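Working notes, structure below.
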Amino acid sequence: GESVGLHLPTLSVQEGDNSIINCAYSNSASDYFIWYKQESGKGPQFIIDIRSNMDKRQGQRVTVLLNKTVKHLSLQIAATQPGDSAVYFCAVSRGLTGGGNKLTFGTGTQLKVEL
Amino acid sequence: DAGVIQSPRHEVTEMGQEVTLRCKPISGHDYLFWYRQTMMRGLELLIYFNNNVPIDDSGMPEDRFSAKMPNASFSTLKIQPSEPRDSAVYFCASSAVSLAGGSQQYFGPGTRLTVT
């Protein structure tokens, strides 16, 4: 099976600083990785994804880094804003080797942005 | 597109009653997922469908839970009889098949279920 864990349940950052949220996974066959943001009272919302043939992918103010050797991925948020306050989940799947589109979710990190 | 639609948004019921949660996935998506979220257990996959066929229901807690997908645009999750420990937020999500393997799931707003 697959287990996914985040390193910190809560992360507090100052507005304008960069945030880094980490995630570890257990199954080396995992080939698709995704970060979600969940605001209070809402469903998880897609932020960015990355496939196993890449080690870095950038979006708007966000970067995902993948280290397959140690089975670790991270989400970096540049110039963190109050609107970034939410719970962040990483999720993994092994779509090419089985499991189809099934995702295994981590436990989530609560990001708090201090003014 | 309106995204994934779930109803009701909130449900309060008494222990022993039947509860039915509904979901309309995004048009054209091949996969539909039902999740349960609680503070203690986080986000748990209950069951998922591919082309209306249940593929993996290993996450369904017990026989009190059942899910159906009679067509590509509608799914239900039923709890009968309901118990206080079923209180949670239930999410439905859908995704499209990807030849590259794995694709993002689009989540609905959730149904907050309270069983008293």
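Chains as they are written, first to last, in the numbering used here: chain B, 1 to 115; chain F, 1001 to 1116.
Even glycine gets a Cβ: it sits at the ideal position worked out from N, Cα and C.
Fair warning: this is a prediction, and the values are worked out from it, not measured in the lab.
Element boundaries [beta strand (DSSP E), containing residue i]
i: T1038/F; result: 1031-1038
i: V1053/F; result: 1053-1056
i: K1024/F; result: 1019-1024
i: E1011/F; result: 1010-1013
Cβ-Cβ separation, residue j to residue i (assumed contact under 8 Å), whole Å
i: Q45/B; j: K56/B; result: Contact flag wrong, Cβ pair sits at about 22 Å.
i: S74/B; j: I20/B; result: 6 Å
i: I47/B; j: V62/B; result: 6 Å
i: T10/B; j: Q81/B; result: With a Cβ gap of about 18 Å, T10/B and Q81/B do not count as contacting.
i: G1059/F; j: N101/B; result: Going by Cβ atoms, the distance from G1059/F to N101/B rounds to 15 Å, so no, they are not a contact pair.
Below-8 Å beta-carbon distance, residue i vs any chain B residue
i: V1097/F; result: yes
i: P1025/F; result: no
i: Q1080/F; result: no
i: Y1090/F; result: no
i: L1021/F; result: no
i: P1008/F; result: no
i: D1063/F; result: no
i: D1056/F; result: yes
i: F1107/F; result: yes
Residue i at chain F interface by Cβ criterion, 8 Å
i: D55/B; result: no
i: G5/B; result: no
i: T107/B; result: yes
i: G59/B; result: no
Beta bridge counterpart(s) of residue i as assigned by DSSP
i: G1042/F; result: T1038/F
i: V1004/F; result: Note: V1004/F sits in no beta bridge, so no partner.
i: Q45/B; result: K37/B
i: S1066/F; result: K1078/F
i: L11/B; result: L111/B
i: Q58/B; result: T63/B
i: I21/B; result: L75/B
i: V92/B; result: F33/B, T104/B
i: A1088/F; result: L1113/F
Cβ-based neighbour list, residue i, same chain, cut-off 6 Å, excluding 5 preceding and 5 following
i: F1110/F; result: As written in the sequence, residue 1110/F is Gly, which differs from the Phe given in the question. Cβ neighbours of G1110/F beyond the five flanking positions: V1089, F1091.
i: T1114/F; result: V1012, S1087
i: G43/B; result: none
i: L103/B; result: A91, S93
i: F1065/F; result: I1079
i: Q76/B; result: I20, T63
Beta-carbon contacts of residue i that lie in its chain and below 7 Å, excluding the five residues immediately before and after
i: F105/B; result: V4, F89, A91
Contact set for residue i: own chain, Cβ-Cβ below 8 Å, skip 5 residues either direction
i: V1019/F; result: E1011, T1013, K1078, I1079, Q1080, S1082, D1086, L1113, V1115
i: N18/B; result: Q76, I77, A78, A79, T80
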